Amino acid sequence: GLASKVLRALKTPRQQRRLNRTFASLFVGAAGFLATLHRGTA
Numbered sequence: 001g002l003a004s005k006v007l008r009a010l011k012t013p014r015q016q017r018r019l020n021r022t023f024a025s026l027f028v029g030a031a032g033f034l035a036t037l038h039r040g041t042a
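First residue of the sequence shown: 1, per full-length UniProt numbering; consecutive thereafter.
See the structure below:
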C-alpha cells in the first residue's frame, strides 16, 4: 500500500535529508508564526 511505498522511499539517505529539512523548516516557520501571534496579543 501507500505506507510501504513511503517507508521504502524513506530508506534512501537523500530522501531522509530532504524530509528532515522540510520538517525543520516547517517547525521553525510554525514557531515564528506562534511567536508573532503571542507578541501581537500581548
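Positions of the beta carbon are idealized from the N, C-alpha and C atoms, including for glycine.
Predicted model only: the values in this text are computed from it and were never measured.
Using the three-state DSSP reduction, which class does residue i fall into: helix, strand or coil?
i: Lys-11; result: coil
i: Pro-32; result: It is Gly, not Pro, that sits at residue 32 in the sequence shown. Looking at Gly-32 - three-state DSSP - the assignment turns out to be helix.
i: Gly-40; result: helix
Under 8 Å between the Cβ atoms of residue i and residue j?
i: Leu-10; j: Leu-19; result: yes
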